[in-house]
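Read through the structure below, which is laid out as structure tokens, and then see the notes.
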Amino acid sequence: MPSSAGYRVWASRGKTLDCVYDNNSATIARDGLERTLRLLLASDADEINVLAHSMGNWVTVEAFRQIEISGNLTSASKLGMVILAAPDIDEDVFKSEMQRIGKPKKPFLIIVSRDDKALGLSRLIAGGKDRIGASSNTAELAELGAIVVDLSDVKANDAANHGKFAQVAEIAPDLRKALAQGIPDQEEGGLAGATTRVLTLPVAAPIKILTANSACRRYLTYREDER
């Protein structure tokens, strides 16, 4: 199926210590991204997929929130996969945004890594408030209507561990297939309704996938093929 890529840029300095500047720039960028998303959703495209990274996630989620307030985002049938990679968003702010947006028809995909150094510094600057992209509260994120991809045990290709999301492409076909097929019910760790499934894939370290179906939390773990 033919596809086209579009890019929405905003005035980020791309430096962790300039995160306050970036946050102000992101605030200014919300309305422009909202207009862009509305145009795309009203276009002849069959499906609109969205990828955001770092503080760009805040711009994206805020734009979705604004669309939901004025135009019912949850009924946007063309909205496909929304990937939030290493989100530099305060946990409480994100919960508030998602509660206003409501559970999307297709769960948002959130890529996290607890060893993300850039988000660790952002957390320090933000008064010790956890960032979604380095969160350990993955079950709570799943209950908000997300699929959480935990890359904490994956070796990064960058010194800050902030670009791991690019490595998900290696397992994308297998991930799509596994999520489509569902996960068999098993108990894990005493968590009621929790399920596990281990797939053997050619990746360097375990990647945990957490989803939620009503009160049922589901886990997938990818691990390196044993030789």
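Throughout, the working numbering is defined as the position within the sequence shown, counted from one, plus 160.
Just so it is clear, CB atoms sit at the ideal spot from N, CA and C, and this is done for glycine as well.
Since the structure is predicted, the reported quantities are computational estimates derived from the model, not experimental observations.
- In this structure, Ile292 lies away from Phe268, with their beta-carbon atoms at least 8 Å apart.
- A straight-line Cα-Cα distance of about 32 Å links Arg225 and Asp313.
- Counting C-beta pairs with one atom in each stretch, the stretch 242-261 and the stretch 190-206 have fewer than three that are closer than 8 Å, which means they do not touch.
- Ala205 and Ser273 have their C-alpha atoms some 33 Å from each other.
- Apart from sequence neighbours up to five positions away, the residues of its chain that approach Ile249 with a beta-carbon distance below 6 Å are Asn217, Trp218, Ile292, ordered along the chain.
- The beta carbon of Gln259 is closer than 8 Å to those of Leu304 in its chain, skipping five residues each way along the sequence.
- Non-local beta-carbon contacts of Glu257 in its own chain, meaning distances under 6 Å to residues more than five positions away in sequence, involve Val221, Arg225 in chain order.
- Here DSSP, grouped into helix, strand and coil, assigns Asp250 to strand.
- Going by C-alpha positions, Ala294 is about 22 Å away from Asn184.
- About 5 Å separates the CB atoms of Ile271 and Phe325; that is less than 8 Å, so the two are in contact.
- For Ile188, the enclosing alpha helix (DSSP H) begins and ends at 179-201.
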